[in-house]
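Numbering (our numbering), first residue to last: 995 to 1093.
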Amino acid sequence: MAENLTIVEESVSTLMQGFNSIRDRLNLDEQITEPSSDNVGCSELVDAVFAFNHQVSDTKNKYKKKTENLRDFLENVKTGSDEADEAIAKAISDAVHQS
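Okay, structure coming up:
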């Protein structure tokens, strides 16, 4: 089964670009103004906006971590594939030169 495994580097790179794009969109580093009566209005709206912002932040952090983990995994797959390709090429070269 493992001998039938094929890693298509273009596909891995495309996936990595997609996860990088998702990570960048989840990375909301700009300063977000806290809701207050000055910028939102009545206290019920301030509470609702605060609760919404908190939920969005929690969700963002969860998916940011998952996206980073997937990106790291794909980087490891790509590195492992490159190392395997080099080892196979060296083994073939050594076998050819020994003949």
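For each residue, glycine too, the CB sits at the ideal point set by N, CA and C.
- Between the alpha carbons of K1058 and F1046 lies a distance of about 18 Å.
- Per DSSP, the unbroken alpha helix (DSSP H) holding S1037 starts and ends at 1037 to 1092.
- Assignment of E1028 by DSSP, reduced to helix, strand and coil, places it in the coil class.
- For C1036 and S1051, the gap between their C-alpha atoms comes out near 22 Å.
- Less than 8 Å separates the beta-carbon of L1068 from that of V1006.
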